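Number of protein chains: 2
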Amino acid sequence: MSHRGAFSVVEMQGLILALDYGGTQLSAAIVAPGARQWLDLARVPSPPAKDARYDYDTMLALARKLLNDRKPGAIGVSFGGPVDAARGLVLLSHHVPAWENVPLRDRLQKEFGVPVSIENDANVAALGECKFGAGQGCGSLLYVTVSTGVGGGWVLDGRICHGADSMAGEIGHTIGKPPANLETRDRLPLCPCGRYGCVEALACGPAIARDARQRLIAEPNRGAKLRALAQGNLDAVSAETVSRAASDGDELALEVLHDAAHALGFGIGTAVTLINPERVAIGGGVSKSGESWWRAVRESARANTLPQMRVDIVPAALGDDAPLWGAVALAQVPMR
Amino acid sequence: MSHRGAFSVVEMQGLILALDYGGTQLSAAIVAPGARQWLDLARVPSPPAKDARYDYDTMLALARKLLNDRKPGAIGVSFGGPVDAARGLVLLSHHVPAWENVPLRDRLQKEFGVPVSIENDANVAALGECKFGAGQGCGSLLYVTVSTGVGGGWVLDGRICHGADSMAGEIGHTIGKPPANLETRDRLPLCPCGRYGCVEALACGPAIARDARQRLIAEPNRGAKLRALAQGNLDAVSAETVSRAASDGDELALEVLHDAAHALGFGIGTAVTLINPERVAIGGGVSKSGESWWRAVRESARANTLPQMRVDIVPAALGDDAPLWGAVALAQVPMR
């Protein structure tokens, strides 16, 4: 069953202000209700040496500059870390200190005197893709981002599905290539979450780079093109060099990429079996790894779900702007 | 985030009629709106030698007898097979012929002149448990039934999540113990869906019986209590005899049960990671396998999800009546 057009857009007076507290940069943008282009957008770096107060003040200055004395109608906020959306709390930033339990929603509401909604960045990017990007017209969308980690968010009937602990959609921590038995599990990569063989530990950018380095050491006569790209320096091997070498036909690089894509596809197939979304959109740097990567993801996902279920996997459309557009959608959608 | 009390109960005039077209029996019940006890309930067998027309006519006679000339206010229907809920179609019965593409909702609506809703039995049992059983007060519930197969249904904000192909919640066809590589996959049990190592192929009743038989053959000096229960006849080994032998301390039976429970728990842990439900309720015959089975399910589920996610797994509360109570809830909840 599909559920189209379930967005109930709040009648909005004035501009929508979208804020994105990312891991490495702060972005703010303003847009007129219903518009599909920014009126104005600004980004500044968020140096890891700074803290939450610095981020807050810098973002505030950015927003005030964009608004230029105009009062926004509503504010949507994307935050790069765990968020309690119902209470409007930032729980933690993995990059910047002093963000623990910050009531960001209430502070911004007090600051601007208008309704504010905040969400975790994967959730809000999912909403952005569903409303303005690769999931337009879909009643449900699973959004997966593959970069330094593997994150996921999931939109049903135009709203983010949070789950009971605000953690639904954690596809990165489903198993991507499970052990046949407990005795062999430590041959699989250890995930930051403490388990072995998670999709994240097999499919994210650093996992690709690590796997490539291990194979280059183990197989000294292979991977010539990858070695050349890294100028013989193993530390210079990254997911990007692997993907470039693979595009250039380097077989070792192709194998590395294929295995990572296969693990991701396995996780997506599992998610499809449980959630049965109308579409799956994949974003993040690793999704730019080329056609062989996409083919392996799609084949693996298809093989790991039921034949009656659709497997429609497409590239995310909004790139780095997904959280900002999601914040716009967030500002316009009443919370579930 | 939790979403309590999201049921919007339709103001109902007259009785609610609940119908359950099960695989082996037909059940009908009537209840007053808001009541928690049946006014009347009747069941008759549905012989596999008969067809859809027989089931339809028999159920109609059952309902008319219960109603005794009263007109119901609304009708909810549970059907033991794939259903297109949005179009009110039965797609197929795995037990009874001629149910292909039957517009059951419209026929019953014409028959009684009142609104009718129909759903697949796992979905409707999930709704019943959420509204009247083990999931009362929960904003989201994953319901898993483990008997001749492993089925699942999933309720969010008081409504069944169908998925884009009406197939969400198919936990039985996530992987329960995946192969380390493709070369070893055919050492895992083949699932009716055509894949290897599905939860259903490892955890359902027939899978438990099959595994026990294989071990009894391979290990002739073990399983004395299980052999005694089956009176030396391997064909008499069932999930129930395995569970009885296990309760009696038979180590082979305990191992069989533990492995099956472990696979189910693995699948539940995966589902929790993706869906993050407030609670998981398990029903079906195999869920009566005793404390060691429950312990293994819970431990395995806990080990296969993130520490920040709740893992609240409880026995289903409504037993065989879950689909009927779900049909009552269905009759009272507007469709999403």
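The listed protein sequences derive, respectively, from chains A and B. The opening position of the first sequence corresponds to residue 58 in our numbering, with each subsequent residue numbered one higher. The opening position of the second sequence corresponds to residue 58 in our numbering, with each subsequent residue numbered one higher. Note that the Cβ used here is the ideal one computed from N, Cα and C, for glycine as well. As the structure is a computational prediction, the values presented were derived from the model and not from experiment.
- In the DSSP assignment, residue 209 of chain A falls within the beta strand (DSSP E) that extends over 207-213.
- Among the CB atoms of chain A, none fall inside 9 Å of the CB of residue 172 of chain B.
- Spanning the alpha carbons of residue 273 of chain B and residue 296 of chain B requires a straight line of approximately 14 Å.
- DSSP links residue 177 of chain B through a beta bridge to B/136.
- Of the candidates B/195, B/178, B/109, B/109 places its Cα closest to the Cα of residue 160 of chain B.
- Taking 9 Å as the cut-off, the beta carbon of residue 175 of chain B is found closer than this to the beta carbon of residue 145 of chain B.
- Check the Cα spacing between residue 94 of chain A and each of A/224, A/373, A/381, A/388: the tightest is with A/381.
- Under the 9 Å criterion on CB atoms, residue 223 of chain B is classed as interfacial with respect to chain A.
- Cβ proximity to chain A below 9 Å picks out 360, 361, 362, 363, 364, 365, 366, 367, 369 from the segment 344-375 of chain B.
- For the pair residue 338 of chain A and residue 135 of chain A, the CB atoms are not nearer than the 9 Å cut-off.
- When A/113, A/81, A/330, A/76 are compared, the shortest CA-CA separation from residue 99 of chain A is found for A/76.
- Of A/89, A/106, A/73, the smallest CA-CA separation from residue 81 of chain A is found for A/106.
- Under DSSP, residue 82 of chain B forms a beta bridge with B/102.
- For a Cβ distance threshold of 9 Å, nothing in chain A lies close to residue 175 of chain B: the least Cβ distance comes to about 13 Å.
- Pairing residue 321 of chain B with residue 354 of chain B gives a Cβ-Cβ distance under 9 Å.
- Residue 155 of chain B has its alpha-carbon roughly 17 Å from the corresponding atom of residue 163 of chain B.
- For the segment 76-88 of chain A, there are no residues whose beta carbon sits under 8 Å from a beta carbon of chain B.
- DSSP, read as helix, strand or coil, puts residue 380 of chain B in helix.
- Within a 10 Å sphere around the beta-carbon of residue 348 of chain B sit fewer than 16 other beta-carbons, which makes this residue exposed.
- Sequence-distant partners of residue 172 of chain B (beyond 5 residues in either direction) whose C-beta falls short of 8 Å from its own C-beta, in its chain, are 131, 132, 166, 388.
- Taking a beta-carbon distance threshold of 9 Å, residue 328 of chain A counts as an interface residue toward chain B.
- In the structure shown, residue 254 of chain A adopts coil according to DSSP, grouped into three states.
- Chain order gives the chain B residues near residue 228 of chain A as 330, 331, where near means a beta carbon separation below 9 Å.
- Chain B places no beta carbon closer than 9 Å to that of residue 115 of chain A, leaving this residue out of the contacts.
- Taking every protein chain shown into account, the CB of residue 210 of chain B has 16 or more other CB atoms within 10 angstroms, so this residue is buried.
- Not a single C-beta of chain B is nearer than 9 Å to the C-beta of residue 102 of chain A.
- Look at residue 206 of chain A: its C-beta is not under 9 Å from any C-beta on chain B.
- Secondary structure in the segment 273-334 of chain A: the alpha helix (DSSP H) runs of 4 residues or longer, each lying completely within the stretch, are 281-286, 296-304, 308-332 in chain order.
- In the displayed model, residue 141 of chain B falls within a strand according to three-state DSSP.
- CA-to-CA, the gap between residue 298 of chain A and residue 97 of chain A works out to about 34 Å.
- Straight-line measurement puts the Cα of residue 341 of chain B at about 43 Å from the Cα of residue 189 of chain A.
- Taking the Cβ atoms as the reference, residue 300 of chain B lies roughly 13 Å from residue 261 of chain B, outside the contact range of under 8 Å.
- In the three-state reduction of the DSSP assignment, residue 223 of chain B falls in the coil class, being assigned neither a helical nor a strand state.
- Put simply, of A/83, A/74, A/328 the residue whose alpha carbon is nearest the alpha carbon of residue 226 of chain B is A/328.
- Using a Cβ-Cβ cut-off of 9 Å, residue 209 of chain B counts as an interface residue toward chain A, since at least one Cβ of chain A sits closer than that to its own.
- DSSP lists no beta-bridge partner residue for residue 265 of chain B.
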